[in-house]
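One gets our numbering by counting positions in the sequence shown from 1 and adding 169 to each. The beta-carbon is built from N, C-alpha and C at its ideal position, and this holds for glycine as well. The next block holds one structure in the form of structure tokens; read it before the comments.
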Amino acid sequence: MLNIRSIDPAALDLAKKADRDGIETVWDRYEKQQPQCGFGSLGLCCRHCIQGPCRIDPFGKGPDKGICGATADVIVARNLLRQVAAGAAAHVDHAYEAVEALKLAAEGKIDYPIADLNKLKAIATGLGIETENKEPNELALEVVQVAYEDMGNHQKQPMKWVSAHAPKQRLEVWESLGILPRNPDREIREAMHQTTMGMDADPVNLILATAKQGLVDGYAGLKLATDMQDILFGTPAPVVTEANLGVLKEDYVNLIVHGHVPLLSEKIVQWAKTLSPEAEAVGAKGVQVAGICCTGNEVLMRQGVPLATNYLAQELAIVTGAVDTMVVDVQCIMPSLGQIASCYHTELITTMPIVKIPGATHIPFTLEHADEAAQEIVRKAIAAYAKRDPNKVHIPDYRAKIMAGFSVEAIVGALSKLDADQPLKPLVDNIVNGNIVGVVATVGCNNVKVAQDIFHVEMVKELLKNNVLVVATGCSAHALAKAGMMNSEGAEKYAGESLKAVLTAIGEAAGLGAPLPPVLHMGSCVDNSRIGDLVTALAGYLGVDTAALPVAASAPEPQHEKALSIGTWAVTMGFTTHLGVVPPVLGSKQVSELLTAGLTDVIGGKFYVETDPQTAAHGLIEDIRKKRQALGLDQ
Ligand code: BF8
Ligand code: SF4
């Protein structure tokens with residue numbers, strides 16, 4: 170698996186061009202890092218104080234404690250807690266920005282209309298806010314107030330975003346474990362404190378603190394961000410477009426949006442349309458916007474903007490020589506982009522005060538001047554088009570048709586064509602009768618340690634063949650989109666017979682005239698909250714705990730700390746959560762055992778590490794079958 174860089178034909182094609190053009194890519198740098206440090210890989214290195222660094226000998230021949238006396242178990246558990254807290258911090262910071270935007274929008278101080286009144290009312294009602302006879306702006310401000318109170322909660326009671334949205338049975342479990350978060354910033358601060366020199370030395374206590382960070386991530390990060398963004402920009406509904414680098418066009422200005430937060434990219438999509446005549450004036454046919462990583466997913470879900478590629482091929486997008494401008498916001502942006510852009514005519518634009526890259530042009534993005542920034546960026550792309558060197562351009566002709574936009578509201582909308590009164594019933598009935606064996610959510614990244622996309626695609630093929638419905642987000646969704654698993658033909662090609670029959674029935678009823686895709690694109694990584702909302706609704710409908718549902722999660726190629734925090738949240742929801750790359754915990758038998766087995770008794774979920782895609786698929790199916798049996802669905 171390691172000998173090839175990718176299974177995506179566009180990426181393979183461009184990787185060769187990168188070699189020809191003398192461009193160093195992520196794969197070259199990975200090779201130069203070999204062999205990677207064994208202590209770090211096992212989680213056995215501590216740099217938490219400057220008496221260190223301390224390392225524990227995994228073979229038991231050298232030191233078995235750090236200078237302060239910290240054991241392997243303590244060092245591994247502390248490192249993991251810090252990583253998960255960092256992932257949660259990234260998501261909470263993202264959510265915070267979205268809350269700020271809704272507040273300013275409701276006050277009429279910025280030019281962002283509130284797009285989705287139904288979502289606003291639904292969120293308000295869920296929070297116990299009276300919605301009758303209130304202007305949208307007034308209601309939005311009341312919702313914002315609850316979010317801000319959560320962010321600054323100095324009391325002992327948990328965050329409202331958790332208590333209002335989490336499944337009841339889960340709340341009881343989390344309360345009994347003492348892991349209900351009070352205020353996200355306080356919990357992240359506490360995790361940093363708890364892991365400094367001379368603090369917590371109890372691995373169990375540290376792992377429980379890690380679970381708490383999972384809840385911070387799930388509710389103060391993912392759920393809060395998605396809720397705010399849906400209110401501001403609209404809740405996604407099905408859209409049809411294409412995925413892969415072949416969506417770039419030789420005769421258009423190509424502008425790539427990359428990162429995570431849709432506040433700027435929504436404006437860019439809008440201004441790209443408006444300023445299209447200016448592109449025509451320089452000889453282009455218009456402005457083609459395409460997305461990388463989760464910003465790509467955000468504008469795909471709501472605006473039908475095509476997907477360019479996922480994490481591992483971000484550099485290769487520039488190697489096409491056809492990207493006039495790449496604009497980035499936050500997270501998962503390789504620092505190497507500045508250097509690579511300088512080898513082509515591509516203008517790399519950074520926009521956020523905490524993400525500056527040498528070689529990039531910095532155009533500060535503020536909510537107050539969003540339109541100006543977006544216009545300036547689109548105009549820079551149009552100006553860069555004239556500098557394109559046709560001899561350097563190579564756009565690989567690979568594109569897959571995709572249908573995306575499957576918010577919970579969109580899924581319920583499609584199902585309600587089958588049963589208007591109880592829209593979840595057709596889905597539940599088909600799970601009960603075994604036509605759908607269960608549901609697996611595939612999430613997360615690419616990781617250079619795995620050939621790009623191979624784990625996502627091979628594992629999902631096996632799941633679909635065995636009649637497991639797949640929902641996907643993040644770079645996993647990109648991978649499955651590029652592989653042609655997000656269209657009706659994908660149902661014909663990959664789904665087992667009974668799953669195909671269900672997808673066909675729903676597709677026909679929803680007026681598609683064809684089956685639903687076998688993999689439903691539910692959005693960006695923060696949109697994992699949509700998956701949370703769906704399972705919460707299913708559990709509520711059935712009156713069971715989410716941990717009892719025949720549902721599992723998988724991050725087949727995780728790289729980011731955010732993937733660890735999302736995975737931790739999935740475990741707290743009671744799901745078996747597969748990781749296809751081993752996280753740095755194997756240096757502690759106790760921590761590894763707690764994560765993969767010991768936690769289950771108290772929390773219901775567990776991590777499951779398996780590095781072979783087929784074996785992982787069957788492991789997840791076996792887990793789902795056990796849950797079916799426990800529910801009395803199978804013998
Ligand atoms: O937040 S899946 S590589 S892009 S971290 Fe990053 Fe991982 Fe992609 Fe989206 Ni999520
Ligand atoms: Fe070493 Fe302890 Fe300092 Fe870590 S906290 S670097 S184990 S002395």
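Task: For Gln798, the first and last residue of its enclosing beta strand (DSSP E) - done: Not the beta strand (DSSP E): Gln798 falls in the alpha helix (DSSP H), residues Pro782 to Ala799.
Task: Contact the segment 370-384 vs the segment 730-747: 3+ CB pairs below 8 Å - done: With the cut-off at 8 Å, the segment 370-384 and the segment 730-747 touch.
Task: Where Ile790 falls, given that 16 or more other Cβ within 10 Å makes a residue buried - done: Classification for Ile790: buried.
Open item on the list: Short of 6 Å in beta carbon distance, which residues of its chain neighbour His729, apart from the five on each side in sequence? Order them along the chain.
Closed with: Within the same chain, and ignoring the five residues on either side of His729 in sequence, the residues whose Cβ sits closer than 6 Å to its Cβ are Cys614.
TODO: Return helix, strand or coil for Ser585, following the three-state DSSP convention.
DONE: Correct three-state label for Ser585: coil.
Open item on the list: I'd like the list of long-range same chain contacts for Met170, defined as Cβ closer than 7 Å, with 5 residues on each side in sequence excluded.
Closed with: Confidence in Met170 is poor, its pLDDT being 38 and thus under 50, which makes the residue's placement unreliable; the coordinate value appears in the next sentence. Result list for Met170: Val619, Ala620 and Ile623, in chain order.
- [ ] Go ahead and pull the three-state DSSP assignment for Leu171.
- [x] With a pLDDT of 46 at Leu171, under the threshold of 50, the modelled position of that residue is not reliable, and the figure given next carries that caveat. In the displayed model, Leu171 falls within coil according to three-state DSSP, outside both helix and strand.
Task: Residue environment, Ile564, which counts as buried when at least 16 other CB atoms sit within 10 Å - done: Answer is buried; the Cβ neighbour count reaches 16.
- [ ] Check whether the segment 643-662 touches the segment 687-702, taking contact to mean three or more Cβ pairs, one atom from each stretch, closer than 8 Å.
- [x] By the Cβ test, the segment 643-662 is in contact with the segment 687-702, since at least three Cβ pairs between them sit closer than 8 Å.
Open item on the list: Assuming contact is defined by CB atoms lying nearer than 8 Å, are Val422 and Gln472 in contact in what I supplied?
Closed with: Going by C-beta atoms, Val422 is not nearer than 8 Å to Gln472.
Open item on the list: Since Ile487 and Thr464 should fall inside the 8 Å C-beta cutoff, what is the C-beta to C-beta distance between them, to a whole number of angstroms?
Closed with: Contact doesn't hold; Cβ gap of about 16 Å is too wide.
Open item on the list: Any heavy atom of ligand 2 inside 7 Å of the beta-carbon of Met361?
Closed with: Not one heavy atom of ligand 2 falls within 7 Å of the beta-carbon of Met361.
Open item on the list: Checking 8 Å against the spacing of the C-beta atoms, do Leu836 and Leu485 come in under that value?
Closed with: Beyond the ends of the chain as shown, which are 170 and 804, falls residue 836; an answer cannot be given.
Open item on the list: Quick check on Ala679: does DSSP put it in helix, strand or coil?
Closed with: It is coil, neither helix nor strand.
- [ ] Pick helix, strand or coil for Glu419, following the three-state DSSP scheme.
- [x] The DSSP-derived three-state label of Glu419 is coil.
Open item on the list: Can you tell me where the beta strand (DSSP E) holding Gln228 begins and where it ends?
Closed with: The question names Gln, but residue 228 is Phe in the sequence shown. Run containing Phe228: none; DSSP gives neither H nor E here.
Task: Neighbourhood of Val659 by C-beta distance below 6 Å, restricted to the same chain and skipping five residues each side - done: Note that residue 659 corresponds to Gly in the displayed sequence, not to Val. The residues Gly653, Pro686 and Pro687, in chain order, have a CB closer than 6 Å to that of Gly659 in the same chain once the five nearest residues on each side in sequence are set aside.
- [ ] State the DSSP-derived secondary structure class of Thr443, mapped to helix, strand or coil.
- [x] Three-state result, Thr443: helix.
TODO: Give the secondary structure of His531 by DSSP, where H, G and I count as helix, E and B as strand, and everything else as coil.
DONE: Looking at His531 - three-state DSSP - the assignment turns out to be strand.
Open item on the list: My assumption, with CB atoms under 8 Å, is that Pro684 sits in contact with Arg797. Please give the rounded CB distance.
Closed with: Not really, about 24 Å apart at Cβ, beyond 8 Å.
Task: From Lys731, Glu447 and Leu536, residue whose alpha carbon lies closest to that of Ala550 - done: It is Glu447 whose Cα lies nearest to the Cα of Ala550.
- [ ] Please confirm if the segment 541-555 is in contact with the segment 293-313, defined as three or more CB-CB distances below 8 Å between the two stretches.
- [x] No, because fewer than three Cβ pairs between the segment 541-555 and the segment 293-313 fall closer than 8 Å, the two stretches do not touch.
Open item on the list: Measuring straight from C-alpha to C-alpha, what distance separates Ala258 and Ile357?
Closed with: Cα to Cα, the separation comes out at about 7 Å.
Open item on the list: Only counting the same chain, and skipping five residues up and downstream in sequence, which positions put a Cβ closer than 6 Å to that of Pro592?
Closed with: Val581, Leu584 and Ser585, listed in sequence order.
Task: Backbone CA spacing between Ala491 and Leu417 [nearest angstrom] - done: Cα to Cα, Ala491 sits roughly 7 Å from Leu417.
Task: Leu638 burial status per 10 Å Cβ neighbour count (16 or more: buried) - done: Counting the other CB atoms within 10 Å of its CB gives Leu638 a total of 16 or more, which places it among the buried residues.
Task: For review: beta carbons within less than 5 Å of any heavy atom in ligand 3 - done: As presented, the structure is devoid of ligand 3, carrying ligand 1 and ligand 2 as its sole ligands.
Open item on the list: Please give me, in chain order, every unbroken run of the beta strand (DSSP E) with length at least 3 that falls completely inside the segment 535-575.
Closed with: Entirely contained in the segment 535-575, the beta strand (DSSP E) runs reaching 3 residues are, in chain order, 569-573.
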